[in-house]
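Just so we're aligned, residue 1 is where the sequence shown starts under full-length UniProt numbering, counting upward by one.
Heads up, the beta-carbon is just placed ideally off N, CA and C, and yes, glycines get one too.
Only a predicted model underlies this, so the values are computations on that prediction, with no experimental measurement involved.
Scroll down for the structure; my scribbles are underneath it.
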Amino acid sequence: MTPFLKCKDHTLTQEVFELHQAAEGDMLVTHPVPDNLAKYYESTDYISHTDAKSSAFDWVYQWVKSYNLKRKERLLSRVLSGDKKLLDIGAGTGDFLLHCKKQSWQVSGVEPNDSARALAQKKGIALHEDLATVSTEKFHAITLWHVLEHLPDLYKDIVRIHDLLETDGVLVVAVPNYKAYDAEKYGAYWAAYDVPRHLWHFSQAAIKRIFESQGFRLLETKPMPFDAYYVSLLSEKYKTGKQRWWAAFRSGWTSNAKAKRSGEYSSLIYILQKAK
């Protein structure tokens, strides 16, 4: 693999990791992978494992999360008809599953973080600790919202996901896109590299190649325009040490404007279907 970029773990340890260009496909890989990945999630700044609203940044994140819950469920309902049995992998504190449950979905989820699972349990959402403990029942939809990039056993888990889906079942995957303008602008400070927690860094071509090789077909690709602003705000903090709201807004707006022409949004949602 070819060295591409060196990045710090800005969230926790300040350790430096390398991104390598994979020999096959348009994808970057984090190197080295730490032996104890779990310790890199043990931070109060890792907001997806909390319901914190202790800062202005937390409030913005939680507001966007609440808005996106409805948008995500509507997307699923649009692409599926009939029975609605959902598995959310990387369910965090369970808010998405709770929202879907209120919309008459049968819900299950997977979340390896103990604290996040405990918060979900308080909301009445019981989560599996890992994918291996999910029973052999079939699901009509499986979702991974900014989770695929965290999976150490990427190809093994994709095979397992394929097995858990009903024939013609839908898989929805949301991931950062390292081809976006904001990734180019911030370089090693781009928050969505998030090493070493993000092990894989995908392009659109890489997602299509990987999933088609594992028995899926790509139905649709959709943007996540809010992500450009959120990621730019974090990236500004990493680069300057300050919460530069206006600079982040300009960066996010520019990224989305350029993406309207190129299709290279900061994050993308891929809607895939299990092939017959």
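When you compare the CB positions of Thr11 and Arg197, do they come within less than 9 angstroms of one another, or not? yes
Burial state of Tyr230, where buried means 16 or more other Cβ atoms lie within 10 Å: buried
Shortest alpha-carbon distance to Tyr67 belongs to which of Lys237, Met224, Trp246? Met224
Classify Arg71 as buried or exposed, calling it buried when 16 or more other Cβ atoms lie within 10 Å of its own Cβ. exposed
Cβ shell of Lys258 (< 6 angstroms), same chain only, five flanking positions each side left out: Tyr181
Might you give, ordered along the chain, the residues of its own chain that have their beta carbon closer than 6 angstroms to the beta carbon of Arg217, omitting 5 neighbours on each side? Gln273, Ala275
Cα-Cα separation, Ser255 to Tyr186: 11 angstroms
CA-CA distance, Leu171 and Ile271? 6 angstroms
Quick check: what's the CA-CA separation for Gly90 versus Ser235? 23 angstroms
Tell me which residue opens and which closes the alpha helix (DSSP H) that Gly109 is part of. Run containing Gly109: none in the alpha helix (DSSP H); it sits in the beta strand (DSSP E), 106–110.
Classification of Leu164 by the beta-carbon crowding that lies within 10 angstroms, buried from 16 upward: buried
Quick one: is the Cβ of Gln243 within less than 8 angstroms of any heavy atom of the ligand HEM? Among the components of this structure there are no ligands whatsoever, and the ligand HEM is therefore not found.
N- and C-terminal bounds of the beta strand (DSSP E) containing Ser267: 267–274
Quick one: Cα of Trp105 to Cα of Tyr41, how far? 30 angstroms
What three-state label does DSSP hand Pro152 in the structure shown? coil
What would DSSP say about Trp190, mapped onto helix, strand or coil? coil
Cβ-based burial, Lys6 [other Cβ within 10 Å; buried from 16]: exposed
Let me check understanding here. Comparing Cα to Cα, which of Asp114, Phe4, Val110, Ala141 lies closest to Ala132? Val110
Can you check DSSP and say which residues form a bridge with Tyr20? Inspection of the sequence shows that residue 20 is occupied by His rather than by Tyr. Beta-bridge pairing links His20 to Pro3, Val29.
Report the three-state DSSP secondary structure of Glu184 (helix, strand or coil). helix
In the DSSP assignment, find the unbroken alpha helix (DSSP H) run with Lys239 in it and report its ends. 225–240
Candidates Glu137, Leu76, Gly25: which alpha carbon is nearest Lys208's? Gly25
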